[in-house]
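Participant: What follows is a structure written as structure tokens; I'll ask about it next.
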Amino acid sequence: MRARLPILGLLGALVLMPYLWMVAASLKPASEIFRASLSLWPEHLAIAENYGRVLSRVPVLLYLWNGIVVCGGILLFQLLFAVPAGYALAKLRFPGRSLAFGAVMLGLLVPPHVPALPLYVAASGLGLLDSYTALIAPFAISVFAIFLFRQFFSALPDDLLHAARLDGMGEWAIVWRVVLPNAWPAATAFAIFSVVSHWNDLFWPLIVVQGHAHATPALGVLQFRSEEAGDDFGAMMAAAVLMTLPLVLAFLLAQRRFVEGIATTGLKG
Amino acid sequence: MAGITISGLTKRFGVTQVLRGVSLAVAPGEFVALVGPSGCGKTTLMRIIAGIETADAGEVVIGERAVTRLRPAKRDIAMVFQSYALYPHLTVRENIAVPLAMRRLSAWQRLPLLGGLLPGARARRAAIAEEVVRAAAPLGLEPLLDRRPGQLSGGQRQRVALARAIIRRPAAFLMDEPLSNLDAALRVQTRREIVEIHRAVGVATLYVTHDQAEALTMADKVAVMMGGELLQVAPPEAIYAEPADLRVAGFIGSPRINTLAAAVDAAGRVTVAGLPVGLRTEARGALTLALRPEALRPAAEGLPAIAEHLEFLGDGLLLHARHTPDGAPLILRLEPEAREGLRPGAALRLGFAPSRALLFGADGRRVAARADAPLVAA
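Quick mapping for you: the protein sequence lines, in order, are chains L and P. Counting in this note's numbering, the first sequence runs from 1 upward without gaps. Counting in this note's numbering, the second sequence runs from 1 upward without gaps.
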């Protein structure tokens, strides 16, 4: 039992190390980064140089804004479609329900890279390349989210929904006013999953976006590396820190909500 | 004022016939308890009335309106669920307000922040808030209004569910075993409170329970249901004293009613194990004689029995005996003083007043009986 903390600490440090290294490198002048000896802590701080170069040469704020728009848009539409779909699959009786659920399960088996080419052709044909729509639309319907919500909603007591119907709620009101508020942990868990994966996604933005106007943070770092920085690793690390910072902050905040969500819904009403 | 009338309801789940043509009327302002063993279809019947379940055939009328094909919300009824079904994410105040908010506010006015800014919304919300307090106060819920259901005890949740049901002043109330999750002491107290609420609100109420004590103590009328059929609908006294069916007689009353196989001789006299018991009937064939535990008395002559076991209850005495000729178990409820002279193993004669004897035919239906020459002077 007593060994648990050191072991967990060691594993945590191992996972954290690359990130810390990135942060440290972003603070160092180039001469220190390329020195043969390893040292985490910078001897001379080069914060102003590194971060200054990044901020002056690439539109960091634009990338971050693009990331927020794209991730926010994807999450919004995913919830908009997946919550009612999950509710219908979990709680409503209609012909073809098991067929629909089977289709969702099937969709889970298809990796996102498979339909990439047809989607690209479609986006190109519709003249949507280099737009927010091209970045958001392919992910607007998440079968994973439908599956997750369907499983979570199945556990909601039927009487709660009957009571809501007797109280005068329609199915639409039930979804947003009763089902979703009681599925907060599932929604938060899914939001973390969705935002993290799309914030860090490089594959799809690389396909449909050219130039800076709609570049997401991950794509921005990549472009910065190839076009601007060359071997300026200090600045590159500074760019990477700036791009990941919002995600780290958002995750820390959401993690607290996540725990709260579990704590409050654990009490059965 | 509205009543509930249902006629010819049938329902089948797969191969199981849950309801076999059930008809029942709850008059305006009446409190009817629907009682029966688990799985008799009473909850299904209630859910069909509420509109949560659809019937295969039959009609539901609430007030003057046929509601069989209406959505639950359009039926103007309120229901208290066995699990209470409170919204876990809302406070007590919000829980109670939901039925009013859904009816009086438009979809836009119900929006969390924006809704309050729309014309008229503020006044209506204030009126609703006032009514919530008025509905909550008599139930002692005022100090709990800002808590969530998860922070309440079972009894408090039950009251919140009641408040949510009465606030709307519906045409009819449905209650599905609302007391079954409470402990015994709280159940007795809440029983009375529900009756008082019913008296104050005066709305037709259908109360489903498997507990005959609840049915007998609370209701104006008791409807006994078994195997998807209503066996008898009558005031509690009549259900107890004049059961129309042997199954009703057996289900209602505790300890259970005593039953003895009986026959009729050529002269129309009822006999048990060949012994005339002082009753005459027009019925023929195999009969069942049923006697409440308090109808039987030790007597000079009568049914031969062996005393087996005595239970002292404080205010009375239960004597477990066995009918000597056919070994049928008998239970007698006696005064505590009767203990003197009763010993396990003692041979007894048990008598009864003919007026308190219940006679049932082979099909379980009640058959008429009248007193013959009395077996003992009652």
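For every residue, glycine included, the Cβ atom is placed at its ideal position computed from N, Cα and C.
#1: With 16 as the cutoff for other CB atoms within 10 Å, does residue 145(P) come out buried or exposed?
#2: Based on DSSP bridge pairs, tell me the residues matched to residue 95(P).
#3: Return the chain-ordered list of same chain residues with a C-beta closer than 7 Å to the C-beta of residue 308(P), the five sequence neighbours on each side being excluded.
#4: Check whether chain L comes within 9 Å of residue 11(P), counting only Cβ atoms and requiring the distance to be less than that.
#5: So which residues on chain L does residue 89(P) lean against when the C-beta distance must stay under 7 Å?
#6: Any C-beta of chain L sitting closer than 9 Å to the C-beta of residue 173(P)?
#7: I want to know whether the stretch 329–345 of chain P touches the stretch 278–288 of chain P - three or more CB-CB distances under 8 Å.
#8: If we cut at 9 Å on Cβ distances, does residue 154(P) have a partner in chain L?
#9: Any residues in the stretch 158–171 of chain L with a beta carbon nearer than 9 Å to a beta carbon of chain P? Which ones, in chain order?
#10: If you reduce the DSSP assignment to three classes, tell me which class residue 181(P) lands in.
#11: Could you check what DSSP says for residue 379(P) in three-state terms: helix, strand or coil?
#12: Quick check on the DSSP output: the alpha helix (DSSP H) that includes residue 84(L) runs from which residue to which?
#13: Taking the DSSP output, what are the residues bridged to residue 221(P)?
#14: Taking residue 315(L) as the reference, which of 48(L), 9(L), 91(L) and 138(L) has the closest Cα?
#15: Would you mind sorting residue 103(L) into buried or exposed? The rule is 16 or more other CB atoms within 10 Å of its CB.
#16: Just curious, the alpha helix (DSSP H) that residue 159(L) is in, first and last residue?
#17: Check the Cβ-Cβ distances between residue 175(L) and every residue of chain P, and say whether any is below 9 Å.
#18: Would you verify that the beta carbon of residue 83(L) is, or is not, closer than 9 Å to some beta carbon of chain P?
#19: Could you tell me whether the Cβ of residue 58(L) comes closer than 9 Å to any Cβ of chain P?
#20: Residue 102(P) and residue 162(L) - do their beta-carbons sit closer together than 9 Å?
#21: May I ask you to list the residues that DSSP assigns as paired with residue 287(P)?
#22: As a quick exercise: from 66(P), 53(P), 269(P) and 346(P), pick the residue whose alpha carbon is nearest that of residue 305(P).
#23: Specify the secondary structure class of residue 217(L) as computed by DSSP and reduced to three states.
#24: Can you check whether the CB of residue 260(P) is closer than 9 Å to the CB of residue 326(P)?
#25: Quick check: residue 159(L) and residue 208(L), are their CB atoms within less than 9 Å of each other?
#26: Taking Cβ positions, are residue 175(P) and residue 208(P) nearer each other than 9 Å?
#27: Whose CA, out of 267(P), 163(P) and 193(P), lies closest to the CA of residue 96(P)?
#28: Any C-beta of chain L within less than 8 Å: which residues of the stretch 199–226 of chain P qualify?
Facilitator: From the atom records:
#1: Result: buried.
#2: Paired residue(s): none; residue 95(P) is not in a bridge.
#3: 320, 321, 322 and 344
#4: no
#5: Taking a Cβ-Cβ threshold of 7 Å, the residues of chain L close to residue 89(P) are 181 and 182, in chain order.
#6: no
#7: Short answer: they don't touch.
#8: no
#9: 158, 159, 160, 161, 162, 163, 164, 165, 166, 167, 168, 169 and 170
#10: coil
#11: Only positions 1 to 378 of chain P appear in the structure, and residue 379(P) is not among them; the question remains open.
#12: Per DSSP, residue 84(L) is one residue of the alpha helix (DSSP H) stretching across 60–91.
#13: 32(P)
#14: Outside the displayed range of chain L (1 to 269) lies residue 315(L), so it cannot be described from this structure.
#15: exposed
#16: 158–166
#17: Contacts with chain P at 9 Å (Cβ-Cβ) do not include residue 175(L).
#18: no
#19: no
#20: No. Outside cutoff.
#21: 262(P)
#22: 346(P)
#23: Under the three-state reduction of DSSP, residue 217(L) is assigned to helix.
#24: yes
#25: Against a cut-off of 9 Å, the Cβ pair of residue 208(L) and residue 159(L) comes out as no contact.
#26: Yes, Cβ-Cβ distance for residue 175(P) and residue 208(P) is below 9 Å.
#27: 163(P)
#28: none
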